[in-house]
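Enquirer:
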Amino acid sequence: MVVINNGVGIKLVATGRDHLPSWLPQAICGLLLSCGAPQKSADKTQSLFDSTPSLQTIETSLCSSIATRAEAPTLKGLDFDLQNCQRAGLGAVDFAKIKSFVFVNVDGTATSSAITSELLADRTEAKQPNTDSTLSSAVDEDGIPYTNRQMRAQVWLNRPFLNMAGGLTDFIKVKQASDGGAVAFPDQSKSAFAEVAKTALVLTKAPTLDLDGFNFSMDMQLNVSGLVTVSQALKLDGKMVDNNFPLVIRSVKNAPYSNSLIRDMKIVMLIIPYANDVYVDIFTDLRVYNIGMQVVVDQQLNAFLGVTLKSMLDALIATGAK
Amino acid sequence: MSRKITTPLFLMIFLTNAVACGSGSQGTSGAQQKREEATEAIKFTSIDYDPLSAPAKVAAKVNYAISIIAKSGNEVCRGTTQINIMSNLELKFPSGTVKCLTLTIDLSKILGNSFLSANPGLGNFTSDGKVLYIKEIGKATFDPPRPFFLGPLVQNPADYKDFKLTVPETVTVNDPEANVSLSGTGQFDVEVLSVGEKYSNQLSPANKFDNVMRWAISSSGFDGVPAKYGLLYKKMEWYWNTQPLMIPKIVISGDLAAFIGSGGSGISRLVGDVTISLSVKDFEYGT
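Residue numbers (the numbering used here), protein chains in the order written: chain B, 787 to 1108; chain X, 6 to 292.
1. For Q160/X, does the three-state DSSP call read helix, strand or coil?
2. Please identify the residue among L155/X, T190/X and P253/X whose C-alpha is closest to the C-alpha of S132/X.
3. Is the CB-CB distance between Q940/B and D1100/B below 8 Å?
4. Determine the extent of the alpha helix (DSSP H) in which E845/B is found, giving its start and end residues.
5. Rounding to the nearest angstrom, what Cα-Cα distance links Y1065/B and A853/B in this structure?
6. If we count the other Cβ atoms within 10 Å of its Cβ and call it buried at 16 or more, is D996/B buried or exposed?
7. Once you ignore the five residues that flank P1059/B on each side, which residues in its own chain have a CB closer than 6 Å to its CB?
8. Would you say P249/X lies against chain B (beta-carbon separation less than 8 Å)?
9. If you run the structure through DSSP and keep just helix, strand and coil, what is F971/B?
10. Nearest to P162/X by alpha carbon, out of R219/X, K144/X and L106/X?
11. In whole angstroms, what separates the C-alpha of E289/X from that of T955/B?
12. Cβ closer than 9 Å: which chain B residues qualify as neighbours of I90/X?
13. Could you tell me which residues DSSP puts in a beta bridge with Y1043/B?
14. Which residues bound the beta strand (DSSP E) around L283/X?
15. Report the partner residues of I257/X according to the DSSP bridge assignment.
16. Could you tell me which of K66/X, N93/X, A75/X and S72/X sits nearest to N1088/B, measuring between CA atoms?
17. Please go through the same chain and pick out, in chain order, the residues whose beta-carbon is closer than 6 Å to the beta-carbon of V5/X, but skip the five residues on each side of it.
18. Between which two residues does the beta strand (DSSP E) carrying I90/X extend?
19. Classify T171/X: buried if its beta carbon has 16 or more other beta carbons within 10 angstroms, exposed otherwise.
20. Since G863/B meets chain X, which of its residues come closer than 7 Å, beta carbon to beta carbon?
21. The alpha helix (DSSP H) spanning L112/X covers which residue range?
22. In terms of DSSP beta bridges, what is C105/X paired with?
23. What is the rounded straight-line gap between the Cα of M1051/B and the Cα of G134/X?
24. Report the rounded CA-to-CA distance for A980/B versus L106/X, giving the unit in angstroms.
25. Report the partner residues of K203/X according to the DSSP bridge assignment.
26. Between K1150/B and the rest of its own chain, which residues show a CB-CB distance below 6 Å, the 5 nearest in sequence each way excluded?
27. To the nearest angstrom, report how far apart I177/X and D228/X are at their CA atoms.
28. What residue from K254/X, P249/X and A145/X has the CA that sits closest to P181/X's CA?
29. Answer with buried or exposed for G999/B, where buried requires no fewer than 16 other C-beta atoms within 10 angstroms of its C-beta.
30. Pick helix, strand or coil for M1079/B, following the three-state DSSP scheme.
31. Report the residue from P99/X, E174/X, T280/X and N129/X whose alpha carbon sits nearest the alpha carbon of A65/X.
32. Taking 8 Å as the CB-CB limit, is G201/X close to chain B?
33. Do we get a CB-CB distance below 8 Å when we pair V988/B with the residues of chain X?
34. Can you name the residues that DSSP bridges to K984/B?
35. Using a beta-carbon distance below 8 Å, is I1035/B in contact with chain X?
36. Quick check on the burial criterion: 16 or more other C-beta atoms within 10 angstroms. Buried or exposed for Q1086/B?
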């Protein structure tokens, strides 16, 4: 039996009769490479001796990486500017205490939403001119106008990273075995939208997992039926980057209005273990068809997205807790 | 097993790395302090934010011409009223009741707004993708939930062509204040009369609607249950412009006298079925 203690109470235990398992060196290398100085920049190396980097420092670095890297997950070519992920954590709420995500602008300032502005009223940022989350409008091939909307939600999960990552990897394992299939949302029936908008997310094939780079990929189909119809073929890419976990979800193609209120979407989720907690910063970029009464779409979509994203994260955490 | 590593192992490596290199070296209290430093101060830790309870905004202000036609077919009066279509699709009436000559009409109750306000929340509704159903309207409870609206977002009108639906219903009314407790059976018939219709009127010739879906909900039966409970009107007909969303015309017919007051003798002419017609004059979308 071989025991490797990483110094923080986590032990890797391997057993074998005649020889060490061949994966052990890779595990050890993984530990060394991810913790050692060779991958760190000078300022980060310095911080090992002074203090851990600030949340903003970590997120800015991750943000830069996701914007420029050539391989997935990347925003390269997707026309989605995360604006350097500034104001990291300033709009963050405790996940366990919210019913829905609270959205701020991509640059971290308060939105023009009365609710959010009220929540942020005592913050300096709230007194700054708001950035309109509506960036541009255009017309599709059928002459239907659509509007670009960007939002951002920040949460602290109030739990160790183990739960989150455990849920994710368990999920991948199950879906690999079943060659994809529907994603269950255990609490969907409790959602306020349960009777009026049914959400279905299906992995259209088995997720892939590349152990060399700790990255994975999923092809998904998102369908919403009820008050609105949404149909989106999505691609999800995730990878461990400097001990953090960025995910990029993007539409594979544009959907026509007759099939989907959302023309296309991009979601960037930055999962950062920090201070014995997990910080999640979620950037969304949606192109939404304009039905005329845009505030109807704004309010209902914000509510739906806020509740749905939370239920998805709830489901993931619940899986990890089992 | 030289290259094959199972998912649990991947998890083990990944988690170990994350914990070892993340925050694991900090104690809990130190970590909390670090987190608070990172965010300057956590000010939103007890947010009880429910987006579904967010105040609705005005999605559109619409001025309608209103016309009341008695059972005889004679027009009793004409007037105007403003209806605000809210972001939660509630209809609001800034002027309260509508005056039409000597008549005072409580349109908010006729269109269900006041009743809906008593049963707020999405939990009162169900949707099958085409029809929005409602469980309770004021003091009336429907079993099963009654058809209330089509859509309301109609993304593919072709799906509704020739659509018809009949729903047998039991309505139960419990109104202790009025000492009313009764029930009745009947049915609602939903019918799409046309899709892709064009609509304009002489009041606003510049406003042309090219994507109107016209549909009606009729009720029958419910003997002994006053129409004011549960909007049991003979017929409600909606002209619904699907893109961009607008309601250019609404026609309601039935026993509406309970919603109409009179400063003179006009009310006596409104016995039996009355038709109230609302036609758009002008409108503006909210931002």
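Idealized CB from N, CA, C, for every residue including glycine. Here the structure is a predicted model, which is why all the values come from computation and not from measurement.
Expert: On the basis of the data shown:
1. The residue labelled residue 160/X in the question sits at position 155 within the second sequence. Three-state DSSP puts Q160/X in coil, outside helix and strand.
2. Numbered from 1 along the second sequence, position 127 holds the residue referred to as residue 132/X. The shortest Cα separation from S132/X among L155/X, T190/X and P253/X belongs to L155/X.
3. Here residue 940/B refers to the residue found at position 154 when the first sequence is read from its first residue. Here residue 1100/B refers to the residue found at position 314 when the first sequence is read from its first residue. Taking the C-beta atoms as reference points, D1100/B is found no nearer than 8 Å to Q940/B.
4. Counting from 1 along the first sequence, the entry for residue 845/B is found at position 59. Unbroken alpha helix (DSSP H) run through E845/B: L841 to T854.
5. Residue 1065/B sits at position 279 when you count from the first residue of the first sequence. Residue 853/B sits at position 67 when you count from the first residue of the first sequence. Cα to Cα, Y1065/B sits roughly 19 Å from A853/B.
6. As a first step, residue 996/B must be located in the first sequence, where it is residue number 210. With fewer than 16 other Cβ atoms within 10 Å, it is exposed.
7. Residue mapping note: residue 1059/B aligns to position 273 of the first sequence, counting from 1. Answer for P1059/B: F947, listed in chain order.
8. Position 244 of the second sequence, counting from 1, holds the residue named residue 249/X. At least one chain B Cβ lies under 8 Å of P249/X.
9. Indexing the first sequence from 1 puts residue 971/B at position 185. If DSSP states are grouped into helix, strand and coil, F971/B belongs with coil.
10. Counting from 1 along the second sequence, the entry for residue 162/X is found at position 157. Looking at the Cα atoms, R219/X is the closest of the given residues.
11. In the second sequence, residue 289/X corresponds to position 284, counting from 1. In the first sequence, residue 955/B corresponds to position 169, counting from 1. Roughly 51 Å between the two C-alpha positions.
12. Taking the second sequence and counting its residues from 1, one reaches residue 90/X at position 85. Residues of chain B passing the Cβ test: M1079 and V1082.
13. Locating residue 1043/B in the first sequence gives position 257, where the first residue counts as 1. None, per the DSSP bridge assignment.
14. Your numbering for residue 283/X matches position 278 in the second sequence. That run of the beta strand (DSSP E) goes V279 to Y290.
15. Within the second sequence, numbered from 1, the residue matching residue 257/X stands at position 252. Beta-bridge pairing links I257/X to M241/X and I281/X.
16. As a position in the first sequence, residue 1088/B is number 302, starting the count at 1. Ranking K66/X, N93/X, A75/X and S72/X by Cα distance to N1088/B puts N93/X first.
17. Beyond the ends of chain X as shown, which are 6 and 292, falls residue 5/X; an answer cannot be given.
18. Locating residue 90/X in the second sequence gives position 85, counting from the first residue. Counting along the chain, the beta strand (DSSP E) containing I90/X begins and ends at E80 to M91.
19. Here residue 171/X is taken as the residue at index 166 of the second sequence, counted from 1. It counts as exposed.
20. Stepping through the first sequence from its first residue, residue 863/B is reached at position 77. Near G863/B there are no residues of chain X at all, since even the closest Cβ is about 28 Å away, more than 7 Å.
21. Indexing the second sequence from 1 puts residue 112/X at position 107. Where L112/X is concerned, the enclosing alpha helix (DSSP H) stretches over L112 to I115.
22. Locating residue 105/X in the second sequence gives position 100, counting from the first residue. According to DSSP, C105/X bridges with L108/X.
23. Walking along the first sequence from the start, residue 1051/B turns up at place 265. Walking along the second sequence from the start, residue 134/X turns up at place 129. Between M1051/B and G134/X, the C-alpha separation is close to 22 Å.
24. In the first sequence, residue 980/B corresponds to position 194, counting from 1. In the second sequence, residue 106/X corresponds to position 101, counting from 1. For A980/B and L106/X, the distance between alpha carbons rounds to 46 Å.
25. Here residue 203/X corresponds to residue number 198 of the second sequence, with the count starting at 1. Within the DSSP secondary-structure output, K203/X pairs in no beta bridge.
26. Missing from the structure shown is residue 1150/B; chain B here goes from 787 to 1108 and no further.
27. The residue given as residue 177/X occupies position 172 in the second sequence. The residue given as residue 228/X occupies position 223 in the second sequence. First, the amino acid is wrong: residue 177/X is Thr here, not Ile. Their Cα atoms are separated by approximately 12 Å.
28. Taking the second sequence and counting its residues from 1, one reaches residue 181/X at position 176. Of the candidates K254/X, P249/X and A145/X, the one whose C-alpha sits nearest the C-alpha of P181/X is A145/X.
29. Here residue 999/B is taken as the residue at index 213 of the first sequence, counted from 1. Exposed, because fewer than 16 other Cβ atoms sit within 10 Å of the Cβ of G999/B.
30. As a first step, residue 1079/B must be located in the first sequence, where it is residue number 293. DSSP places M1079/B in coil when its eight states are reduced to three.
31. Stepping through the second sequence from its first residue, residue 65/X is reached at position 60. When each option's Cα is compared against that of A65/X, the closest is P99/X.
32. Counted from its first residue, the second sequence places residue 201/X at position 196. For G201/X, the answer is no, since every Cβ of chain B falls outside 8 Å of its Cβ.
33. Counting from 1 along the first sequence, the entry for residue 988/B is found at position 202. No - not a single Cβ of chain X is within 8 Å of the one on V988/B.
34. Within the first sequence, residue 984/B is the residue found at index 198, counting from 1. Here K984/B is bridged, per DSSP, to S1011/B.
35. Locating residue 1035/B in the first sequence gives position 249, counting from the first residue. With 8 Å as the cut-off, I1035/B does not count as an interface residue toward chain X.
36. Here residue 1086/B refers to the residue found at position 300 of the first sequence. Buried, since its Cβ has 16 or more Cβ neighbours within 10 Å.
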